[in-house]
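What follows is a single structure, written as structure tokens, with notes after it.
Number of protein chains: 2
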Amino acid sequence: MTTKMNRQSIIDAMAGLVGPENVLTDAHDMAPHLIDWRKRHTGVAACVVFPRSVEHVSNALAYCNDNGIKVFPQGGNTSVCGGSVPDASGNSILLNLARMNRIIEVNADNNSMTVEAGCILTDVQNAALAADRMFPLTLGAEGSCQIGGNLATNAGGTNVVRFGNTRDLVLGIEVVLADGRVWHGLRTLRKNNSGYDLKNLFVGAEGTLGVITRASLKLFPKPRAMATAVLGFESVQAAVDEGLKLQAAFPGELVGLELISQSEFEISLRHGVNMRNPFDATPKWMVLVELAGATGTSEALTDRLTEALQDSFDGGAVQDAVVASSGQQRADLWHIRHNVTEANGHEGMGLTHDIAVPTYRIPDFVEQAEAALAKHYPQAVQVIVGHMGDGNLHYIAMFTHAYWATVEDKRGVQLKLSHLLYDIAAGMGGTFSAEHGIGALHVPEMSIYKNASEVALMRQIKQLLDPRDTMNPGRVLPAA
Amino acid sequence: MTTKMNRQSIIDAMAGLVGPENVLTDAHDMAPHLIDWRKRHTGVAACVVFPRSVEHVSNALAYCNDNGIKVFPQGGNTSVCGGSVPDASGNSILLNLARMNRIIEVNADNNSMTVEAGCILTDVQNAALAADRMFPLTLGAEGSCQIGGNLATNAGGTNVVRFGNTRDLVLGIEVVLADGRVWHGLRTLRKNNSGYDLKNLFVGAEGTLGVITRASLKLFPKPRAMATAVLGFESVQAAVDEGLKLQAAFPGELVGLELISQSEFEISLRHGVNMRNPFDATPKWMVLVELAGATGTSEALTDRLTEALQDSFDGGAVQDAVVASSGQQRADLWHIRHNVTEANGHEGMGLTHDIAVPTYRIPDFVEQAEAALAKHYPQAVQVIVGHMGDGNLHYIAMFTHAYWATVEDKRGVQLKLSHLLYDIAAGMGGTFSAEHGIGALHVPEMSIYKNASEVALMRQIKQLLDPRDTMNPGRVLPAA
Chain A
1 MTTKMNRQSI IDAMAGLVGP ENVLTDAHDM APHLIDWRKR HTGVAACVVF PRSVEHVSNA
61 LAYCNDNGIK VFPQGGNTSV CGGSVPDASG NSILLNLARM NRIIEVNADN NSMTVEAGCI
121 LTDVQNAALA ADRMFPLTLG AEGSCQIGGN LATNAGGTNV VRFGNTRDLV LGIEVVLADG
181 RVWHGLRTLR KNNSGYDLKN LFVGAEGTLG VITRASLKLF PKPRAMATAV LGFESVQAAV
241 DEGLKLQAAF PGELVGLELI SQSEFEISLR HGVNMRNPFD ATPKWMVLVE LAGATGTSEA
301 LTDRLTEALQ DSFDGGAVQD AVVASSGQQR ADLWHIRHNV TEANGHEGMG LTHDIAVPTY
361 RIPDFVEQAE AALAKHYPQA VQVIVGHMGD GNLHYIAMFT HAYWATVEDK RGVQLKLSHL
421 LYDIAAGMGG TFSAEHGIGA LHVPEMSIYK NASEVALMRQ IKQLLDPRDT MNPGRVLPAA
Chain B
1001 MTTKMNRQSI IDAMAGLVGP ENVLTDAHDM APHLIDWRKR HTGVAACVVF PRSVEHVSNA
1061 LAYCNDNGIK VFPQGGNTSV CGGSVPDASG NSILLNLARM NRIIEVNADN NSMTVEAGCI
1121 LTDVQNAALA ADRMFPLTLG AEGSCQIGGN LATNAGGTNV VRFGNTRDLV LGIEVVLADG
1181 RVWHGLRTLR KNNSGYDLKN LFVGAEGTLG VITRASLKLF PKPRAMATAV LGFESVQAAV
1241 DEGLKLQAAF PGELVGLELI SQSEFEISLR HGVNMRNPFD ATPKWMVLVE LAGATGTSEA
1301 LTDRLTEALQ DSFDGGAVQD AVVASSGQQR ADLWHIRHNV TEANGHEGMG LTHDIAVPTY
1361 RIPDFVEQAE AALAKHYPQA VQVIVGHMGD GNLHYIAMFT HAYWATVEDK RGVQLKLSHL
1421 LYDIAAGMGG TFSAEHGIGA LHVPEMSIYK NASEVALMRQ IKQLLDPRDT MNPGRVLPAA
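Written out as structure tokens, the structure is:
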């Protein structure tokens, strides 16, 4: 390893390796890459490098690894935990995969497709649809996030209840290791018991073990029929009970099961454009449920859904229900759900927590969390939206901007509140990061909530695959 | 590390750590553990150790690792590739998990269960059924294989087309590492993005990186309705075309899609008890298809299946079809399928190959394999049974015992034939081991068919987690 290089020599080296046209150096051009979209995390880099091939990535990484230059990989820069911007150290490179954005193959016969890491998620979805297939990963940031980032963070979203996390949708990957070695793990097989599962080590490692450059993904039949409804409940317990019933009744067809609190629903309506409340009075809790059928009509599937709900409706467990009777109505219901993140930003200062517990423990979690919030932060409103079928709640303590401006120790409040909530989740066998990952933000929690032997094992693996700590340093793992 | 210990001191040490009542030393008692069930692989061990707790496993492994004693883990000893018996070196221990066989918890609310590694698979299935749930892993050896072995080998079976391999059915595991450290990875969450995925490193590592001692498993709703049929086809292409159609039509309900050749079907009938051919004339190719529904009746589901088949039947693509109209008929059809392994043993000397290719390439594979067999081994009959939905064929070259007795270089024939077939699979992006794993038998193929950088990466991981090569030495990875 040579001594630390200065900025210009890093820029020159990168320009030599990937071509000057693929290196951003101007401060103004680089700026959007050095701050996250919520404007909570910033960093510095010598330059932004846009590789166009796996060879570019390999050469850049080998060079950086040899010369003590840190590498921060970036996809669509949609992380919510500071995982997609560099640190403040400066003489690092930001490696953005945006220019490796080719759909390499869509194989309808094999229900698979192969893509470069920089493909935007919606482009991946659309390429599948064009071949009469579906790639089921769907999440709020899909219009700008890159599939490589989805893979690196094992992204979740609203379809996990049926299709699993990103990890479950991958058949094979190609990875450039920290030293520039390429692992050729692109495959499209459903079964392959020939040695260790290396793929899952890189999926979800958030770029700390290498850079995923290409992936083979699973495709599914494009649904022919959809049924969508929003159900209203008096209590979160009633909502969860009904959700578990629907999961049991439609295991192959239930593709969405979202829990929304009254507060969140009204925030979304308040700050959206062309929003209409489908309820006369917003229920205390709502569940957005969606079924997808491979055959038949949406009308028939909707009939089956309403039939399955009839008993609960008659018995009063379901208080109110709005069933979509057209594609437009379906889109309107989802629009309320998808608008929450933006609406929350307009509403106030929302401190978001991405916890998971076993689904049936959600009512306990909410009860305990609500009590803790009322006791310690009575100024905050409890706002909840979550993927109920996965036990995953986005639990938001919403402060008004006016109040938040008066808080002196903002970081202290964030930490205290989050640890109150994480303690409750941990007590139920839960996690402090269900789908958002660790990034830079949650590194401290790794020391607190993961057992030490587990972190030690992760550190051994990091040391093995990236002994010089070249890849995304300071992310995921706490310093030894 | 001390110098190599003699047998008695190993026995004494183990008796001290787990109790003498949990150590087998008598040659007669040990014998069934030292030979595989097909009687093709044998080994030697100082003793057979039956731990009763994770502490037993931890203490035994720490001791062995410190003292240079090799450890061969064993479950139900149902491996078909020599993965479950020790090598010939002698002063090793065989660690059998049979006495860690408690069902720790079945949580119907959470659709999860937690079990010890030594539980027999059918006991796991039955415990789930008793709670009105289903654990979907099902395979021929389920009455004797242990769930720990299923996890270690990432077992497949006939339900993979809908529920995935064992890997996909695991929520968390507890593992004892080679040095006796325990990784407490038991969890029942659906989502948990907090650090590297360690679980998948141990699942499928065949006991070479540590011993899985407990696992949390996913449960599913118990099916209320079943529909089962055997379809007859003139060609393997027609069979695959129809299989892909059914997969697209019933993505949430298709739980079985087995391909059976005429030769295999007739062998199973010939050597079974109370067997009846459901066809007047056995078709050249058959597909056993099964649907499972969470609601409704078997009659209604069967109607939907026959309706979906009608066009293909009318058009002649499906030549013949037998639809089960009762649970007994359903069991009879599956009995023909499940009897194949035993029947093949009676029929002759079957050289089995566990390949996978993309499903739609199966007809190409069969055509090329058939030509290779006819050219090089005209004495053999082509026998095929496979999990079509996974692209996984068990391709058997069946020789008569009389002919096989005349073959001088039996190992040479096996190697030449298998490499002919593996080359064909590899040419289609396929694998030489789809679900059976590597064990001892397929270690040579790891050097031939995996790329060197991949094997090198696996070896790095082995070296990291088991630097003294204590765990299951000589299995999975070729010597450096």
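Protein chains in written order, with the working numbering: chain A, 1 to 480; chain B, 1001 to 1480. Just so it is clear, CB atoms sit at the ideal spot from N, CA and C, and this is done for glycine as well.
Consider the Cβ of residue i: report whether some Cβ of chain A lies at a distance smaller than 8 Å.
i, result
"B/S1312", "no"
"B/K1450", "yes"
"B/N1059", "no"
"B/E1454", "yes"
"B/L1198", "yes"
"B/P1056", "The amino acid at residue 1056 of chain B is misidentified as Pro; the sequence shows His. Cβ-Cβ to chain A under 8 Å: no for B/H1056."
"B/H1184", "yes"
"B/M1446", "yes"
"B/E1234", "no"
"B/I1362", "no"
"B/S1194", "yes"
"B/V1366", "no"
"B/G1204", "yes"
"B/P1358", "yes"
"B/A1239", "no"
Determine, for residue i, whether the minimum Cβ-Cβ distance to residues of chain B falls below 8 Å.
i, result
"A/V211", "no"
"A/S326", "no"
"A/S298", "no"
"A/F432", "yes"
"A/V85", "no"
"A/I104", "no"
"A/E435", "yes"
"A/E253", "yes"
Let me make sure I understand the geometry here. Which of the options has the alpha-carbon closest to that of residue i?
i, options, result
"B/K1284", "B/T1306, B/A1300 and B/S1261", "B/S1261"
"A/S280", "A/D311, A/K462, A/G232 and A/V255", "Looking at the sequence shown, residue 280 of chain A is not Ser but Asp. Here the closest residue by C-alpha is A/G232."
"B/T1114", "B/L1189, B/G1474, B/A1205 and B/E1454", "B/L1189"
"A/I120", "A/R102, A/I10, A/A372 and A/R133", "A/R102"
"B/S1433", "B/N1154, B/V1255 and B/R1270", "B/N1154"
"A/N110", "A/F220, A/F163, A/Y377 and A/D320", "A/F220"
"A/N344", "A/F50, A/M275 and A/L269", "A/L269"
"B/G1350", "B/S1453, B/K1245, B/A1405 and B/R1181", "B/A1405"
"B/E1253", "B/A1294, B/V1106 and B/S1216", "B/A1294"
Please classify residue i: is it buried, with 16 or more other beta-carbons within 10 angstroms of its beta-carbon, or exposed?
i, result
"A/V361", "Correcting the residue type first, residue 361 of chain A is Arg in the shown sequence and not Val. Its Cβ being crowded by 16 or more others within 10 Å, A/R361 is buried."
"A/I448", "exposed"
"B/K1375", "exposed"
"A/G412", "exposed"
"B/L1415", "exposed"
"A/K70", "buried"
Which partner residues of residue i appear in the DSSP bridge assignment?
i, result
"B/C1047", "B/I1093"
"B/G1232", "B/M1286 and B/D1320"
"B/K1512", "An answer regarding residue 1512 of chain B cannot be provided, because it is not within the stretch 1001 to 1480 covered by chain B."
"B/A1356", "B/N1392 and B/T1431"
"A/N107", "A/S112"
"A/P73", "A/L95"
"A/V175", "A/W183 and A/I212"
"B/I1384", "B/Y1395"
"B/M1446", "Looking at the DSSP assignment, B/M1446 forms no beta bridge with any residue, so it has no partner."
- Query: Pairing CB atoms from the stretch 192-209 of chain A with CB atoms from the stretch 57-68 of chain A, are three or more of them under 8 Å?
  - Reply: no
- Query: Is it a yes or a no for the stretch 1343-1360 of chain B touching the stretch 1414-1424 of chain B, going by three-plus beta-carbon pairs under 8 Å?
  - Reply: yes
- Query: At a cut of 8 Å, does the stretch 1374-1382 of chain B reach the stretch 1396-1408 of chain B through at least three beta carbon pairs?
  - Reply: yes
- Task: Examine the Cβ distances between the stretch 1294-1302 of chain B and the stretch 1235-1242 of chain B and report whether three or more of them are shorter than 8 Å.
- Result: no
- Query: Does the pairing of the stretch 1258-1274 of chain B with the stretch 1319-1330 of chain B give three or more beta-carbon distances under 8 Å?
  - Reply: no
- Message: Three Cβ pairs or more, each shorter than 8 Å: is that satisfied between the stretch 1036-1055 of chain B and the stretch 1089-1105 of chain B?
- Response: yes
- Pair every Cβ in the stretch 387-394 of chain A with every Cβ in the stretch 339-354 of chain A, then say whether three or more of these pairs are closer than 8 Å. yes
- Query: Between the stretch 1176-1187 of chain B and the stretch 1451-1470 of chain B, do three or more beta carbon pairs fall short of 8 Å?
  - Reply: yes
- Task: Please confirm if the stretch 137-145 of chain A is in contact with the stretch 16-32 of chain A, defined as three or more CB-CB distances below 8 Å between the two stretches.
- Result: no
- Task: Would you be able to state if there are at least three C-beta pairs under 8 Å between the stretch 1200-1215 of chain B and the stretch 1451-1467 of chain B?
- Result: yes
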